[in-house]
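Right, one structure below, let's go through it.
There are 2 protein chains.
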Amino acid sequence: MSTLTIPESVPAAFEDAEQLRKAFSGWGTNEGLIISILGHRTAAQRRQIRQAYSDVFGEDLLKALDKELTHDFEKAVLLWVLDPAERDAVLAYDSARRWGPGDPVLIEIASARSSEELFAVRRAYHARYKRSIEEDVAFHAKGDFRRLLVPLLTAHRYEGSEVNLRLANSEAKVLHEKIGDKAFADDEIIRILTTRSKAQLLATFNAYHNDFGNPINKDLKSDPKDEFLSALRAITKCITCPEKYFEKTIRLALNKMGTDEGAVTRVITTRAEVDMKPIKELYYKRNSVPLPRAIKKDTGGHYEDFLLTLVGED
Amino acid sequence: MSTLTIPESVPAAFEDAEQLRKAFSGWGTNEGLIISILGHRTAAQRRQIRQAYSDVFGEDLLKALDKELTHDFEKAVLLWVLDPAERDAVLAYDSARRWGPGDPVLIEIASARSSEELFAVRRAYHARYKRSIEEDVAFHAKGDFRRLLVPLLTAHRYEGSEVNLRLANSEAKVLHEKIGDKAFADDEIIRILTTRSKAQLLATFNAYHNDFGNPINKDLKSDPKDEFLSALRAITKCITCPEKYFEKTIRLALNKMGTDEGAVTRVITTRAEVDMKPIKELYYKRNSVPLPRAIKKDTGGHYEDFLLTLVGED
């Protein structure tokens, strides 16, 4: 469900590396050439190019890109060239260090990745920052958010499809009681959302809807400005339908007075190879405007070209 | 620092498997033969034997052992034959399901293993029980113990040797303040103990000792019967000097009115290939009796023979 287009015959990694070197040399930088290569290679191919670049020219490709590019285009390309786990580690680090209750990045990384992917992020965090992700998050986040984010980020959820329906019913009841009491940060809500498998949570949310009449996310919207409630809603959405969650994130980022480029870049670089196709379809359904057209309207220059390369045509 | 003795020339795994099959067949079971094989093979060799047994005889070696052996001897051999991560998963499962505040098993597994070893346990737990370890622990443990055990078991501590001395000083101060206020289950104590790297915690405990005059564990002993305090002490000991912790565990298990075979078996099967040599040395220093002699005094039969094989001679 990727929106990437890969050429039928992909050049060898060292040829791509040499083309990139050419794009950096001489007068100015050939951004078009950079986009035409890196925007049409899979994560595994980009990793090989990075390796080849370092082997041939004795320099990290990321360093070279950092010198040549600027602004939003630079940020997007650098994130894109990173391995997915390393990219998430970078995003998580930035988010943890300047953490605020409205920041959804840690929730996305903890909830919209598989258990093994999340663990790879934690390993990459060690390698890059000489610390653990939970160490930084527990240090910077406070109170109820810490109580929610640390178990969320350190979970290794079971990934099988087995579901215990009796448990789903009883935990739906627990959730309903706590939400009814407005005890949103109750230990039991946090325990259920942060430890149960995604299949089990889906069953629990279905039981909630069936037994109590509302989808759980509707009941978690009693105060739309409460940031802890937003965090809980983001978790349930990232678990049950990440495409919908990301469609909304990019919609709000584009519709903002002054586009939120950080969010646009994050969603596109992290989802292009995962589920950008359904995100694009949902976007069109919800906004009656194709996502590429919306991106064109709100961005410009090489940044625009690069994003459009990643999300593909209308 | 293992106490295992491995023969100079180890038979091929399929030969060991055939010998074991012989030990099971005919009248009665040849326990001596079983001990002479399995008690003198490394974890990797035992894994190969288990694989060979299954290939040749179409049966899991564990099942066969389960049929042939009984009581404490059976429990010890079964734990021993399991891969270390699987063995820990079994111990953790039993402990989580019948969890009580005095049970140290989850703390040992979370604190006396490396980060990668602990993660391997979590993977083995998924495979074996179709659930996550944190799911079971969060469900069964309550209150402050849950708040302590879940982050402890889900941590993936940084393992490098880098230490931030300023942080060590400031967190030693935080620990001292909270302990002084008898706020033992304070969020900050839990955060520090469950997220910081072992190297960093060592520096913090040293700063604590230097700045406030007592080792932290002494200050955590204000009420020797308080089980939460025991848990905190077990964590600091498993992190700073696991050999000492396990020496004490086996000492108390042997000295008990009615030996605690569960604890003896657990310590010996989990530590024989790790640090049983220093544990044995510490045991002799502390008790003026060699550990093998103490084991002889308190156990009997094939169980005794097997334990002595694993810990080696005086």
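Those protein sequences? They're chains F and L, same order as listed. Positions in the first sequence are counted from 1; adding 1466 to them yields the numbering used here. Positions in the second sequence are counted from 1; adding 1466 to them yields the numbering used here. For glycine and all other residues, C-beta sits at the position ideal for the given N, C-alpha and C.
- Range covered by the alpha helix (DSSP H) that runs through I1734 of chain F: Counting from one through the first sequence, the residue named residue 1734 of chain F turns up at place 268. That run of the alpha helix (DSSP H) goes E1727 to R1737.
- Message: What ranges does the alpha helix (DSSP H) occupy inside the segment 1668 to 1700 of chain F, keeping only unbroken runs of at least 4 residues that lie completely in it?
- Response: Here the runs fully enclosed are 1682 to 1685.
- Task: Give the range of the alpha helix (DSSP H) segment to which S1502 of chain F is assigned.
- Result: Walking along the first sequence from the start, residue 1502 of chain F turns up at place 36. S1502 of chain F -> alpha helix (DSSP H) spans E1497 to L1504.
- Message: Once the 5 residues before and after D1792 of chain F are set aside, which same chain residues still bring their CB inside 7 Å of it?
- Response: Outside the displayed span of chain F (1467 to 1780) sits residue 1792 of chain F, for which this structure offers no information.
- Nearest to F1694 of chain F (by Cα), restricted to the options F:E1552, F:A1649, F:S1598 and F:D1526: Walking along the first sequence from the start, residue 1694 of chain F turns up at place 228. Taking only the C-alpha atoms, the option nearest F1694 of chain F is F:A1649.
- Task: Could you tell me which chain L residues have their CB closer than 9 Å to the CB of G1724 of chain F, listed as they occur along the chain?
- Result: As a position in the first sequence, residue 1724 of chain F is number 258, starting the count at 1. Correct list: empty, because the minimum Cβ distance to chain L is about 37 Å.
- Item | Residue environment, P1473 of chain L, which counts as buried when at least 16 other CB atoms sit within 10 Å | To locate residue 1473 of chain L, count along the second sequence from 1; it is residue 7. Flag for P1473 of chain L reads exposed.
- Task: Compile a chain-ordered list of the residues in the segment 1616 to 1644 of chain L whose CB is closer than 8 Å to at least one CB of chain F.
- Result: V1616, P1617, T1620, A1621, H1622, R1623, Y1624, E1625, G1626 and E1628
- Among L:D1771, L:M1467 and L:S1581, which has the Cα closest to the Cα of L1619 of chain L? On the second sequence, position 153 is the one that residue 1619 of chain L refers to. Per the Cα distances, L:S1581.
- Query: Using 8 Å as the Cβ pair cut-off and three pairs as the minimum, do the segment 1540 to 1553 of chain F and the segment 1659 to 1677 of chain F touch?
  - Reply: No: fewer than three Cβ pairs fall under 8 Å.
- Message: Against T1661 of chain F, what residues of chain L qualify as contacts under a CB-to-CB distance less than 7 Å, listed in chain order?
- Response: On the first sequence, residue 1661 of chain F is found 195 positions in, with the first residue counted as 1. Going along chain L in sequence order, the residues near T1661 of chain F (Cβ under 7 Å) are S1598, E1600, E1601 and A1604.
- Please compile the residues from chain F whose C-beta is within a distance smaller than 8 Å of the C-beta of F1585 of chain L. Your numbering for residue 1585 of chain L matches position 119 in the second sequence. The contacting residues are F1585 and H1622.
- Item | Within chain L, partners of R1588 of chain F - CB distance below 7 Å | As a first step, residue 1588 of chain F is located in the first sequence; it is residue number 122 there, counting from the start. Result: H1622.
- Beta-carbon separation (whole angstroms), N1683 of chain L vs R1699 of chain L, contact threshold 8 Å: The residue given as residue 1683 of chain L occupies position 217 in the second sequence. The residue given as residue 1699 of chain L occupies position 233 in the second sequence. Sure, about 5 Å apart at Cβ, within 8 Å.
- What's the gap between the Cα of F1480 of chain F and the Cα of A1530 of chain F? In the first sequence, counting from the first residue as 1, residue 1480 of chain F sits at position 14. In the first sequence, counting from the first residue as 1, residue 1530 of chain F sits at position 64. Roughly 16 Å separates the two Cα atoms.
- Query: Considering only residues of the segment 1470 to 1554 of chain F, which uninterrupted alpha helix (DSSP H) runs meet the minimum length of 4 residues and lie entirely inside it, listed in chain order?
  - Reply: 1479 to 1490, 1497 to 1504, 1509 to 1523, 1527 to 1534 and 1537 to 1547
- Ends of the alpha helix (DSSP H) at R1594 of chain L? Mapped onto the second sequence, residue 1594 of chain L falls at position 128. From DSSP, the alpha helix (DSSP H) with R1594 of chain L extends over S1581 to Y1595.
- Between P1617 of chain L and G1498 of chain L, what straight-line distance do the alpha-carbon atoms span, to the nearest angstrom? Position 151 of the second sequence, counted from the start, is the residue given in the question as residue 1617 of chain L. Position 32 of the second sequence, counted from the start, is the residue given in the question as residue 1498 of chain L. Cα to Cα, P1617 of chain L sits roughly 43 Å from G1498 of chain L.
- Where S1491 of chain L falls, given that 16 or more other Cβ within 10 Å makes a residue buried: Walking along the second sequence from the start, residue 1491 of chain L turns up at place 25. Classification of S1491 of chain L: exposed, given that the 10 Å Cβ count is below 16.
- Query: Is there a Cβ from chain L that is less than 7 Å from the Cβ of R1579 of chain F?
  - Reply: If you number the first sequence from 1, residue 1579 of chain F lands on position 113. Chain L contact via Cβ: absent.
- Task: Quick one: list the residues of chain L neighbouring R1563 of chain F, beta-carbon separation under 7 Å, in chain order.
- Result: Along the first sequence, one-based indexing puts residue 1563 of chain F at 97. Going along chain L, no residue has its Cβ under 7 Å from R1563 of chain F, so there is no contact; the nearest lies around 15 Å.
- Message: Within 10 Å of its beta-carbon, does W1565 of chain L have 16 or more other beta-carbons around it, so buried, or fewer, so exposed?
- Response: The residue labelled residue 1565 of chain L in the question sits at position 99 within the second sequence. Flag for W1565 of chain L reads buried.
- On the premise that E1654 of chain F lies in contact with K1644 of chain F, defined as a C-beta separation below 8 Å, what is that separation, rounded to the nearest angstrom? The count along the first sequence starts at 1 and reaches residue 1644 of chain F at position 178. The count along the first sequence starts at 1 and reaches residue 1654 of chain F at position 188. About 6 Å; that satisfies the 8 Å criterion.
- Query: Where does the unbroken alpha helix (DSSP H) through M1742 of chain L begin, and where does it stop?
  - Reply: Reading the second sequence from its first residue, position 276 is the one you call residue 1742 of chain L. Note, M1742 of chain L: alpha helix (DSSP H), M1742 to N1753.
- Query: With a cut-off of 8 Å, do at least 3 Cβ pairs link the segment 1626 to 1633 of chain L to the segment 1577 to 1595 of chain L?
  - Reply: no
- Query: Three or more beta-carbon pairs under 8 Å between the segment 1750 to 1763 of chain F and the segment 1511 to 1525 of chain F, yes or no?
  - Reply: no
- Query: Is G1646 of chain L helix, strand or coil when you go by DSSP?
  - Reply: For the purposes of this step, residue 1646 of chain L is taken as residue 180 along the second sequence, with counting starting at 1. Residue state, collapsed to three classes: helix.
- Message: According to DSSP, simplified to helix, strand and coil, what is N1630 of chain F?
- Response: Taking the first sequence and counting its residues from 1, the one referred to as residue 1630 of chain F is at position 164. In this structure, N1630 of chain F counts as coil in the three-state DSSP scheme.
- Message: Using C-beta distances below 8 Å, list every residue in its chain close to I1573 of chain F, excluding the 5 sequence neighbours before and after it, in chain order.
- Response: The residue given as residue 1573 of chain F occupies position 107 in the first sequence. If the five residues before and after I1573 of chain F are omitted, its C-beta is found closer than 8 Å to the C-beta atoms of L1615, L1618, A1697, A1700, I1701 and C1704, all from its own chain and listed in chain order.
- Message: Could you tell me the alpha carbon to alpha carbon distance between R1579 of chain F and K1664 of chain F, rounded to whole angstroms?
- Response: Here residue 1579 of chain F refers to the residue found at position 113 when the first sequence is read from its first residue. Here residue 1664 of chain F refers to the residue found at position 198 when the first sequence is read from its first residue. So the two alpha carbons sit approximately 11 Å from each other.
- Listed by chain order, chain L residues near H1675 of chain F by CB distance under 8 Å: Locating residue 1675 of chain F in the first sequence gives position 209, counting from the first residue. Within chain L, not a single residue places a beta-carbon under 8 Å from that of H1675 of chain F; the smallest gap is close to 22 Å.
- Message: Within 10 Å of its beta-carbon, does Y1646 of chain L have 16 or more other beta-carbons around it, so buried, or fewer, so exposed?
- Response: Position 180 of the second sequence, counting from 1, holds the residue named residue 1646 of chain L. What sits at residue 1646 of chain L in the sequence shown is Gly, not Tyr. By the neighbour-count rule (16 or more Cβ atoms within 10 Å), G1646 of chain L is not buried but exposed.
- Query: Can you give the Cα-Cα distance for E1747 of chain L and S1468 of chain L, rounded to whole angstroms?
  - Reply: For the purposes of this step, residue 1747 of chain L is identified with residue 281 of the second sequence, where counting begins at 1. For the purposes of this step, residue 1468 of chain L is identified with residue 2 of the second sequence, where counting begins at 1. For E1747 of chain L and S1468 of chain L, the distance between alpha carbons rounds to 12 Å.
- What residues in the segment 1498 to 1525 of chain L have a beta carbon less than 7 Å from any beta carbon of chain F? none
- Query: Buried or exposed: where does L1486 of chain L fall if 16 or more other Cβ atoms within 10 Å of its Cβ makes it buried?
  - Reply: As a position in the second sequence, residue 1486 of chain L is number 20, starting the count at 1. By the neighbour-count rule (16 or more Cβ atoms within 10 Å), L1486 of chain L is buried.
- Item | Pair within 7 Å by beta-carbon distance, I1716 of chain F and V1733 of chain F | Position 250 of the first sequence, counted from the first residue, corresponds to residue 1716 of chain F. Position 267 of the first sequence, counted from the first residue, corresponds to residue 1733 of chain F. Yes.
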